[in-house]
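Per UniProt numbering, the very first residue in the sequence shown carries number 1; after that it's consecutive. Here a beta-carbon is modelled for each residue, glycine too, at the ideal position from N, C-alpha and C. Report on the structure given below.
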Amino acid sequence: MITVASLLIVTALSATNAAATSKPHLCRMENLVTFGDSYTDEGRLNYFLKYHKLPPIGQMLPPSNNTSSGGATWGRYVANAAGATLYDYAVIGAMCTSKTDSRYVDAIQAPYPSVLEYEILVFEQDIGFSDLYPDRRPDNTVYALWIGTNDLGLTGFLTDTQKKGTTISTFVDCIWETFDHIYKSGGRRFILLNQVPLEHAPLYADPSTGLDNHKYLENKTAYNVTEYTNKVREYTTSANTMFDYGVPFQLTIKTRWPGATVSIFDVHSLMMDVLKNPGEYLDAPANVTAPYHICLDTCVDSKEPKSSFMW
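Now the structure itself:
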């Protein structure tokens with residue numbers, strides 16, 4: 001049975017260039033550096049909450065299956081399949097920039113760590129440690145960014161809780177700024193993973209496919225769920241369109257990152273195909289409407305195998 005995780009591996013390793021100028025000779029990927037949120041975090045937020053401080057600079061946290069996905073992250077799968085070293089800076093719940101995020105983390109007595117203001121800053125300090133990055137070159141290191149679910153969802157634009165004066169363009173501009181920092185550090189191979197179809201996630205879907213209540217959206221029946229579903233669809237597809245047009249514009253028209261390659265991994269289309277053809281991706285009984293880890297009054301795991309669930 002072909003799983004979503006295995007397809008992620010194949011696609012990530014063979015992603016085609018959206019656009020490029022002065023393409024360098026692409027060598028085998030030996031290092032994978034990842035930035036993002038709960039889709040990618042192997043344990044950084046758990047460290048914050050357990051030790052009430054940030055992880056030390058100059059070392060990576062150990063691999064962990066105690067993740068939001070309930071197992072190894074996609075980055076770990078890809079790194080293992082490629083024989084590469086994974087450097088993961090993602091944080092569960094992160095947004096791209098604190099310019100839009102007003103949240104605060106009591107455990108570390110600091111604003112919620114974002115990609116631009118935390119993850120990138122830690123990466124920029126870490127690369128100064130030669131024992132941590134013994135062989136980081138422009139041609140053998142891939143940098144992957146997957147962010148947006150929190151920016152566009154419940155903790156951000158969907159509920160109008162973003163900072164005053166910020167828009168989806170602010171979010172997209174943060175993507176380009178993130179690549180600016182990586183480029184300045186010597187990075188030349190970028191992968192941008194786009195937005196998933198959140199309107200189909202049980203948290204946001206209308207009552208015919210979603211859950212009536214959820215610990216992250218209490219008393220869901222008190223909300224106009226159809227409006228939320230439509231808005232989150234509009235926000236995610238708009239961001240994806242801005243990615244599709246923005247990457248070639250920034251790369252070839254503005255020549256923002258000379259000599260770099262930028263690939264867009266179309267997670268949205270992949271997940272839409274899983275929704276339409278679940279039996280081709282998931283083990284029986286394939287389930288694309290309910291989550292494996294269901295949270296109503298309490299949180300419980302399904303008795304069915306994880307490999308049969310999309311969410």
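Leaving out five residues before and five after residue i in sequence, what residues of the same chain have Cβ atoms less than 8 Å from its Cβ?
i: glutamine 125; result: Ile57, Gly58
i: alanine 239; result: Gly148, Leu152, Ile168, Phe171, Val172, Asn194, Gln195
i: asparagine 277; result: none
i: serine 130; result: none
i: aspartate 297; result: none
Checking the sheet assignment: what are the DSSP bridge partners for residue i?
i: asparagine 287; result: Phe309
i: threonine 166; result: Its beta-bridge partners do not exist; DSSP assigns none.
i: arginine 189; result: Thr261
i: cysteine 295; result: Cys299
i: leucine 86; result: Leu32
Quick check on DSSP: helix, strand or coil for residue i?
i: leucine 45; result: helix
i: tryptophan 257; result: coil
i: proline 62; result: coil
i: glycine 36; result: strand
i: alanine 144; result: strand
i: tyrosine 104; result: strand
i: tyrosine 223; result: coil
i: alanine 110; result: strand
i: valine 196; result: coil
i: methionine 95; result: coil
i: glutamate 234; result: helix
i: arginine 136; result: coil
i: histidine 181; result: helix
i: serine 269; result: helix
i: asparagine 80; result: helix
i: threonine 21; result: The predicted model places threonine 21 with a pLDDT of 39, which falls under 50 and marks its position as unreliable, so this point remains unresolved.
i: isoleucine 120; result: helix
i: glutamate 280; result: helix
i: glycine 153; result: coil
i: threonine 73; result: coil
i: leucine 275; result: helix
i: threonine 67; result: coil
i: glycine 246; result: helix
i: tyrosine 228; result: helix
i: tyrosine 204; result: coil
i: residue 316; result: Outside the shown range of the chain (1 to 311) lies residue 316, about which nothing can therefore be said.
i: cysteine 27; result: coil
i: phenylalanine 129; result: coil
i: aspartate 160; result: coil
i: isoleucine 175; result: helix
I think residue i touches residue j, with their Cβ atoms under 8 Å apart; what is that distance to the nearest whole Å?
i: cysteine 96; j: phenylalanine 179; result: Going by Cβ atoms, the distance from cysteine 96 to phenylalanine 179 rounds to 11 Å, so no, they are not a contact pair.
i: threonine 236; j: leucine 152; result: 6 Å
i: isoleucine 175; j: leucine 193; result: Contact doesn't hold; Cβ gap of about 11 Å is too wide.
i: residue 389; j: threonine 155; result: Residue numbering for the chain in the displayed model covers 1 to 311; residue 389 lies beyond these limits and cannot be assessed.
i: valine 196; j: histidine 268; result: 6 Å
i: valine 78; j: leucine 45; result: Contact doesn't hold; Cβ gap of about 21 Å is too wide.
Using C-beta distances below 6 Å, list every residue in its chain close to residue i, excluding the 5 sequence neighbours before and after it, in chain order.
i: proline 291; result: Pro202, Trp311
i: aspartate 206; result: Val225, Thr226, Thr229
i: phenylalanine 48; result: Ala107, Ile108
i: tryptophan 146; result: Gly36, Tyr39, Thr40, Leu193
i: histidine 181; result: Ile120
i: glutamine 250; result: Trp176, Arg256
i: lysine 163; result: Thr100, Ser102
i: methionine 242; result: Val172
Below 7 Å CB to CB, which residues in the same chain sit around residue i once its five sequence neighbours on both sides are set aside?
i: glycine 279; result: Ala286
i: valine 122; result: Ile57, Tyr89
i: serine 98; result: Pro111, Ser114, Glu117
i: asparagine 150; result: Asp37, Gly93, Ala94, Met95, Gly156
i: lysine 231; result: Leu158
i: residue 312; result: This structure cannot speak to residue 312, because the chain is shown only from 1 to 311.
i: aspartate 301; result: Tyr292, His293
i: isoleucine 127; result: Tyr133, Arg136, Ser185
i: glutamate 177; result: Leu116
i: tyrosine 245; result: none
i: tyrosine 183; result: Trp257, Ala260
i: lysine 53; result: Ile108
Comparing the C-beta of residue i with each C-beta of chain B, is any distance below 8 Å?
i: serine 307; result: Annotation note: the requested chain B is absent from the structure, which comprises a single protein chain.
For the pair the stretch 243-255 and the stretch 267-278, tell me if three or more CB-CB distances fall below 8 Å. no
Touch test, the stretch 280-290 against the stretch 299-308, Cβ-Cβ under 8 Å, three pairs minimum: yes
Pair every Cβ in the stretch 258-267 with every Cβ in the stretch 187-195, then say whether three or more of these pairs are closer than 8 Å. yes
With three or more C-beta pairs closer than 8 Å as the rule, is the stretch 68-81 touching the stretch 31-47? yes
Would the stretch 27-36 count as touching the stretch 83-90 if we require 3 or more Cβ pairs under 8 Å? yes
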